[in-house]
Amino acid sequence: MADIRSLQDAVADLVHDGDTVAMEGFTHLIPYAAAHEVIRQGITDLTLVRMTPDVIYDQLIGAGLVRKLVFSWGGNPGVGSLHRFRDAVENGWPRPLELDEHSHAGMANRYVAGASKLPFAVLRGYRGSDIPTRTDTVSTVVCPFTGEELAAVAALNPDVTVIHAQQADRAGNVQMWGLTGVQKEAALAADRVLVTVEEVVEELRPRPGGIVLPTWVVDAVSVVPSGAHPSYATGYSTRDNDFYQAWDPIARDREAFLTWIEEHVRDSEGALTR
Amino acid sequence: MADIRSLQDAVADLVHDGDTVAMEGFTHLIPYAAAHEVIRQGITDLTLVRMTPDVIYDQLIGAGLVRKLVFSWGGNPGVGSLHRFRDAVENGWPRPLELDEHSHAGMANRYVAGASKLPFAVLRGYRGSDIPTRTDTVSTVVCPFTGEELAAVAALNPDVTVIHAQQADRAGNVQMWGLTGVQKEAALAADRVLVTVEEVVEELRPRPGGIVLPTWVVDAVSVVPSGAHPSYATGYSTRDNDFYQAWDPIARDREAFLTWIEEHVRDSEGALTR
Amino acid sequence: MTATPAGTTGSTAGTRDFTSDELMEVNAARALADATTCFVGIGLPSTAANLARATVNPGLVLIYESGTIGSKPTRLPLSIGDGELAETADAVVPVPEVFNYWLQGGRIDVGFLGAAQVDRYANINTTVVDRGPDRPEGRLPGAGGAPEIASNCGKVLMVLRHSTRNFVERLDFVTTLGHGGGPGDRKKLGMPGAGPTAVITDLGVLRPDPATAELVLTEVHPDVTVERVRAATGWELTVADTVGTTEPPTPRELAALRALKAAGKPGTSGKPETSGKPGKETR
Amino acid sequence: MTATPAGTTGSTAGTRDFTSDELMEVNAARALADATTCFVGIGLPSTAANLARATVNPGLVLIYESGTIGSKPTRLPLSIGDGELAETADAVVPVPEVFNYWLQGGRIDVGFLGAAQVDRYANINTTVVDRGPDRPEGRLPGAGGAPEIASNCGKVLMVLRHSTRNFVERLDFVTTLGHGGGPGDRKKLGMPGAGPTAVITDLGVLRPDPATAELVLTEVHPDVTVERVRAATGWELTVADTVGTTEPPTPRELAALRALKAAGKPGTSGKPETSGKPGKETR
């Protein structure tokens with residue numbers, strides 16, 4: 075059953091040095107506030123998992139907290155490169171970044187296998203690609219009925235999955251709607267689940283496209299209005315595309331990045347209200 | 075793109091002698107009217123696929139149209155046996171019935187593989203069960219990462235899937251809600267898709283729990299109000315449990331059954347309005 | 009999942025104000041006192057699970073294989089897909105998701121199963137019965153969700169009526185593995201859950217001996233003798249050193265059970281079930 | 009999926025009222041005239057697919073990997089998950105479902121891809137570039153959906169700017185197979201779709217020779233010479249016997265494209281993009 079508690083306490087309890095952490099959200103509902111709390115608490119040596127490591131992971135990587143990244147597309151959507159990600163991979167700054175790299179279809183199925191508590195998933199993928207030469211989590215299986223060789227991808231079971239949702243009720247049941255990405259799979263695949271929400275409501279009214287995570291699969295709910303900014307929460311906010319564009323020059327420069335993190339994360343209101 | 079057309083024409087065009095046909099619906103939204111049209115048209119030598127062959131398949135089997143049944147639980151839920159199914163299996167009346175028998179988890183995953191156009195699906199299932207001794211569509215695969223042996227089930231790709239939904243729009247987009255079972259998987263796994271609906275509406279309003287099948291994955295939509303009776307359509311009707319209980323004595327007796335089919339299906343309004 | 013019309017057979021209990029079926033149902037509900045989540049088959053398991061919500065475990069999360077998670081029906085559903093199961097649920101998910109993410113995903117504490125035949129290791133047959141050399145196999149409904157429910161739930165409770173027809177020396181077909189051929193078999197097969205931990209009948213309760221995994225009679229209903237249970241069991245039944253006596257239903261339990269049944273059968277609401285009728289047992 | 013800021017480079021076209029990027033975009037949209045369904049990457053593919061809906065193919069069904077099926081955005085989305093994509097969609101499905109049931113399920117006619125590097129067999133690199141022995145590999149965004157889009161869609165269209173940096177003799181990494189090493193390679197690998205059928209650039213169009221699967225220049229933009237395309241291609245480019253000339257954008261196409269872009273950039277609505285600005289080309 076989920077406890078409703080402060081973000082600071084929830085992160086401190088559920089996210090530990092060395093953990094494998096998935097912060098999911100396909101453009102929508104990305105849990106930025108929780109990531110910033112991880113930065114403030116300096117939780118480090120993380121293996122981060124995410125289909126589309128965008129600015130949220132650029133920040134964690136640039137802050138030096140990340141040992142390894144498991145992903146399928148690393149960019150600032152519609153804008154360009156993730157410069158902190160590139161600097162870590164290309165130059166080892168501020169520390170080297172190990173990669174486990176997949177296609178989207180592979181990553182999505184790795185989460186599906188994780189949620190299904192299967193050791194692997196099968197897809198018709200990676201054919202003719204060099205990707206399998208750089209990862210040990212893609213292999214092959216042969217269909218026992220047709221003899222066709224198919225790709226097998228290893229299950230992903232994060233220690234912690236962190237997501238943002240629109241609403242929870244007082245019992246800790248969570249509902250999200252709009253683009254729901256791979257959040258259900260990422261949550262059900264994980265040992266521990268932390269959900270930040272826009273608000274707590276008396277009753278979760280079923281919504282079109284709504285996904286409910288019952289309280290008994292969630293460990294903690296933290297109320298963090300706008301906790302997805304600069305990503306967004308359908309029904310509460312729109313995507314701050316200006317921020318994504320403004321991020322590019324900040325992230326290009328190590329000093330500018332460090333200053334930004336200091337000012338906007340480490341010294342932010344979130345830090346002060348701990 | 076789906077054409078909106080009469081049930082008689084749609085069935086005649088899409089369902090042929092010898093086809094593998096899935097009529098799905100997990101208690102809810104079972105396409106009885108379409109099955110009755112199949113009986114009226116005498117389309118025969120069918121391989122029927124369904125997780126829970128209930129009274130709808132009892133009727134088709136008793137009518138002598140079915141060569142083989144692929145299923146995981148054959149009963150009249152909450153009432154008892156399917157007597158026509160049993161009579162066919164045990165006594166070959168009115169013709170022998172070949173069986174391909176699975177567990178629910180296996181059947182559900184066979185549809186998932188079918189919808190995914192994979193030749194098989196993987197599950198942790200059938201362990202210690204005699205089921206694999208009676209079917210050639212269960213096998214094993216070994217996880218290339220962990221060495222664990224898991225069950226593999228062959229994909230199901232029906233020639234035709236027939237389902238009932240609440241609504242379509244004029245373009246043939248379909249929406250169903252409530253218990254949606256395996257209908258999406260069964261439809262996407264099939265070569266051809268026929269959907270009966272309660273009504274055609276100007277616009278499909280997104281519903282909580284709603285599943286939309288876009289018109290370009292549907293071949294025909296037929297408007298058949300109460301087309302799921304004695305099953306039901308959430309928002310339109312409730313399950314006719316009395317019918318399910320009344321079916322038991324009818325189905326126990328070959329003559330009573332034949333009389334019922336003659337009176338209620340072959341000579342029914344549906345037949346007359348062809 | 010097999011439909012099991014509630015009957016009054018199998019008990020010769022004397023004059024008392026509950027039937028042996030009712031005690032079986034109450035006792036099955038009690039076994040859910042500590043569970044968080046229960047995967048519910050229709051019939052007796054559904055009766056017991058809904059009674060548990062009305063008595064010992066109001067927060068019990070019911071999961072039906074039709075895709076409903078957290079159903080809170082106010083009456084006993086006739087089928088696994090009755091509308092009220094969806095309307096009262098916390099979430100309704102596609103059937104493949106129920107089996108893959110929730111059941112195989114290890115999210116369910118207790119699976120509740122019926123059976124046509126059970127053997128001394130709590131293996132289950134719901135597929136076919138051998139009716140002798142001159143007759144074709146008798147056809148049962150089949151596996152339904154049972155093989156994976158028994159494999160993946162934290163533990164399994166079984167509830168069925170006690171007779172030599174149901175409790176057999178040798179299954180005609182193993183649909184669903186309970187404890188296989190003895191301790192360690194589940195582990196060897198890589199089954200995550202503990203398997204059947206109790207078989208609750210209208211005569212008493214059998215539980216697997218931790219050392220042998222064989223079902224042992226540990227509890228009888230009031231007025232039921234050990235001999236009577238032996239006679240209703242198709243194998244040489246092992247009896248625990250101390251055999252407890254099932255607590256009779258409390259008035260509250262009985263009232264809750266009868267209220268559920270009276271509200272049952274949607275579409276014929278209010279019509280009492282043929283059996284399980286309030287009042288004195290007739291035999 | 010790589011973000012490719014629209015630029016005005018790559019063309020020395022004379023005085024005319026459209027840029028070479030605009031013609032590339034219009035030409036890419038035209039290639040979708042007959043498609044029912046299109047799997048759309050962000051950037052140039054999204055521009056082209058949305059322009060197709062506004063011009064040659066109003067019924068075109070757009071599928072974005074974020075899970076939207078049948079999106080009808082009124083402005084160009086900046087990211088693959090902009091809210092409008094979901095709000096205007098016929099259905100929003102989970103990401104695994106998009107890839108498994110819809111893409112791998114063979115439901116998509118056309119996949120539309122960009123690329124950082126492409127070779128003569130239309131193989132694609134979006135992973136890493138070799139920057140010489142003294143420098144570490146240059147990091148690109150990675151595969152995204154491309155390997156399975158290229159494998160499973162009925163056919164693949166590519167759209168990217170033409171330069172020797174992008175059109176290379178040898179890929180530094182094969183992220184996504186186009187035609188492998190020649191005809192038959194896709195079949196050998198069991199790939200259902202036909203693979204890349206056109207590479208649409210700001211200079212012209214390359215199409216695979218049916219006999220060799222090698223990309224051949226079949227079409228140039230007005231005012232672009234074959235020699236100029238050769239010079240912008242990192243391998244010895246084969247040229248078709250007859251090289252067509254791309255039809256200039258019609259006034260309607262151009263107006264639709266510019267309206268889409270003007271409405272673009274949600275959050276800064278109405279602000280025109282830096283390039284793709286209406287008016288005469290500046291160089």
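From first to last, the protein sequence lines stand for chains A, B, C and D.
All you need for our numbering is the position in the first sequence, starting with 1, plus 74.
All you need for our numbering is the position in the second sequence, starting with 1, plus 74.
All you need for our numbering is the position in the third sequence, starting with 1, plus 8.
All you need for our numbering is the position in the fourth sequence, starting with 1, plus 8.
Don't be surprised by glycine CBs; every beta carbon is placed ideally from N, CA and C.
DSSP-derived helix/strand/coil call for residue i
{"i": "Ala-263 of chain C", "result": "helix"}
{"i": "Ala-325 of chain A", "result": "helix"}
{"i": "Phe-107 of chain D", "result": "helix"}
{"i": "Arg-215 of chain C", "result": "strand"}
{"i": "Arg-158 of chain A", "result": "helix"}
{"i": "Lys-195 of chain C", "result": "helix"}
{"i": "Arg-24 of chain D", "result": "coil"}
{"i": "Arg-291 of chain D", "result": "Note that Arg-291 of chain D scores 29 on pLDDT, short of 50, meaning its location in the model is unreliable; the coordinates nonetheless yield the value given after this. It is coil, neither helix nor strand."}
{"i": "Tyr-137 of chain A", "result": "In the sequence as displayed, the identity of residue 137 of chain A is Ala instead of Tyr. Reduced to three states, the DSSP call for Ala-137 of chain A is coil."}
{"i": "Thr-101 of chain B", "result": "coil"}
{"i": "Pro-53 of chain D", "result": "helix"}
{"i": "Gly-78 of chain D", "result": "strand"}
{"i": "Asp-132 of chain A", "result": "helix"}
{"i": "Ala-229 of chain A", "result": "coil"}
{"i": "Thr-233 of chain C", "result": "coil"}
Short Cβ contact (8 Å threshold) for residue i with residue j
{"i": "Asn-35 of chain C", "j": "Thr-254 of chain C", "result": "yes"}
{"i": "Leu-86 of chain D", "j": "Ala-124 of chain D", "result": "no"}
{"i": "Gln-133 of chain B", "j": "Ile-104 of chain B", "result": "no"}
{"i": "Gly-188 of chain D", "j": "Gly-202 of chain A", "result": "yes"}
{"i": "Gly-122 of chain D", "j": "Ser-190 of chain B", "result": "no"}
{"i": "Glu-223 of chain A", "j": "Thr-214 of chain A", "result": "yes"}
{"i": "Val-224 of chain D", "j": "Arg-215 of chain D", "result": "yes"}
{"i": "Thr-183 of chain D", "j": "Ala-202 of chain D", "result": "no"}
{"i": "Leu-165 of chain D", "j": "Ala-206 of chain D", "result": "yes"}
{"i": "Thr-220 of chain D", "j": "Pro-191 of chain D", "result": "yes"}
{"i": "Leu-230 of chain A", "j": "Val-89 of chain A", "result": "no"}
{"i": "Trp-147 of chain B", "j": "Thr-126 of chain B", "result": "yes"}
{"i": "Ala-225 of chain A", "j": "Leu-197 of chain A", "result": "yes"}
Those residues which DSSP pairs with residue i across a bridge
{"i": "Ala-294 of chain A", "result": "A:Asp-77 and A:Leu-268"}
{"i": "Asp-237 of chain B", "result": "Contrary to the premise, residue 237 of chain B reads as Ile rather than Asp in this sequence. Per DSSP, B:Val-269."}
{"i": "Gly-146 of chain C", "result": "C:Val-137"}
{"i": "Lys-142 of chain A", "result": "A:Thr-121 and A:Glu-172"}
{"i": "Leu-349 of chain A", "result": "Beyond the ends of chain A as shown, which are 75 and 348, falls residue 349 of chain A; an answer cannot be given."}
{"i": "Thr-246 of chain D", "result": "D:Val-224"}
{"i": "Thr-94 of chain A", "result": "A:Thr-121"}
Minimum C-alpha distance to residue i - residue among the options
{"i": "Phe-159 of chain B", "options": "B:Gly-152, B:Trp-167 and B:Val-153", "result": "B:Trp-167"}
{"i": "Ala-242 of chain B", "options": "B:Asn-231, B:Ala-84 and B:Ala-294", "result": "B:Ala-294"}
{"i": "Arg-238 of chain D", "options": "D:Gly-89, D:Met-199, D:Phe-175 and D:Lys-269", "result": "D:Phe-175"}
{"i": "Asp-117 of chain C", "options": "C:Leu-93, C:Leu-185, C:Ser-79 and C:Leu-70", "result": "C:Leu-70"}
{"i": "Leu-81 of chain B", "options": "B:Pro-206, B:Ser-296, B:His-338 and B:Ala-325", "result": "B:Ser-296"}
{"i": "Ala-239 of chain B", "options": "B:Gly-284, B:Glu-222, B:Gln-319 and B:Leu-262", "result": "B:Gly-284"}
{"i": "Asn-165 of chain A", "options": "A:Gly-255, A:Ile-135 and A:Glu-277", "result": "A:Ile-135"}
{"i": "Glu-98 of chain B", "options": "B:Thr-235, B:Met-250, B:Ala-330 and B:Pro-323", "result": "B:Thr-235"}
{"i": "Val-167 of chain C", "options": "C:Glu-156, C:Leu-211 and C:Arg-194", "result": "C:Leu-211"}
{"i": "Phe-194 of chain B", "options": "A:Ala-84, A:Thr-207, A:Cys-217 and A:Asp-174", "result": "A:Cys-217"}
{"i": "Asp-314 of chain B", "options": "B:Val-196, B:Tyr-106, B:Trp-334 and B:Gly-221", "result": "B:Tyr-106"}
{"i": "Gly-119 of chain D", "options": "D:Ala-99, D:Ala-97, D:Ser-54 and D:Glu-92", "result": "D:Ser-54"}
Residue i CB to nearest heavy atom of the ligand PLP below 7 Å
{"i": "Thr-289 of chain B", "result": "Among the ligands in the structure shown, none appear at all, so the ligand PLP cannot be discussed."}
Contact between the stretch 284 to 293 of chain A and the stretch 233 to 248 of chain A (3+ Cβ pairs under 8 Å)
yes
If contact is defined by three or more beta carbon pairs under 8 Å, each pair taking one atom from either stretch, is the stretch 258 to 266 of chain B in contact with the stretch 311 to 326 of chain B? no
Q: May I ask you to verify whether the stretch 328 to 335 of chain A touches the stretch 264 to 282 of chain A, counting CB pairs closer than 8 Å and requiring at least 3?
A: These segments do not touch.
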